[in-house]
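> If you count the sequence shown from 1, position 56 lands on 56 in the UniProt record's numbering, and the numbers rise without skipping.
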Amino acid sequence: MGDPQGELSEEQVAEFREAFALFDQSGDGIINVKEMQMIMRASGQNPSEDQIMQIMKEIDPNSQGETDFEGFLKLMKKKMQDSPEMDEELYEAFKTFDTKNRGCYDLEEMKEVMAKYGEKLSDREAEMLFRDIDVDDDGKITFEDFVLMMMAR
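1. Taking the alpha carbon of C104 as the point to measure from, which residue in F20, A21, D24, K140 has its own alpha carbon closest?
2. Taking the C-alpha atoms as reference points, what is the distance between L22 and N101?
3. Just to confirm the assignment, what range does the alpha helix (DSSP H) spanning Q51 have?
4. Checking contacts by CB at 7 Å: is P61 closer than that to chain C?
5. What are the start and end residues of the alpha helix (DSSP H) that includes I133?
6. Can you tell me where the alpha helix (DSSP H) with R17 in it begins and where it stops?
7. CB M149 to CB I133, shorter than 7 Å?
8. Could you check if Q51 is buried or exposed, using at least 16 other CB atoms within 10 Å of its CB as the buried criterion?
9. Taking all protein chains shown into account, decide if A93 is buried (16 or more other Cβ within 10 angstroms of its Cβ) or exposed.
10. With distances taken between CB atoms, is the gap from F16 to L90 smaller than 7 Å?
11. Please report the distance separating the alpha-carbon of E144 from that of F20.
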């Protein structure tokens, strides 16, 4: 079946595993059509169930409307390759927060940008939001962290 991880970094795979777990509502290690539809909607698309089935058949021709983590990785890799314009929009949004152009941003940068755009958060609210987005808990939000947060919305 080949290596579905392909050019994905270990960090990306770990983040996708976390996203998979978020959408695998039944916790059975399988994502069904409804759960896949939620993932697609979270990433700004609005596919029908038939379109979801077609996507799932592309991942696995024998699909009965379900996929495991390996199939999910294939889909995410395909989506990353197929949607450069969405990546560009997400990157532009990310750069808004990365005020120091370091490829990541910290809690203080996030609070400054949120305040600039009228989002008044208490320190506690800002810290909670930051912790939710900072997947690897390293005190900074990378583009990968940001993409996962946007997909989970």
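Note that CB positions come from ideal geometry on N, CA and C, so glycine has one too.
The structure presented is a predicted model; accordingly, all values stated were derived computationally and were not measured.
Taking the coordinates as given:
1. K140
2. C-alpha separation (whole angstroms): 30 Å.
3. 49-59
4. Chain labels in this structure do not include chain C; a single protein chain is all it has.
5. Looking at the DSSP string, the run of the alpha helix (DSSP H) that includes I133 is 123-133.
6. 10-23
7. yes
8. exposed
9. exposed
10. no
11. 15 Å
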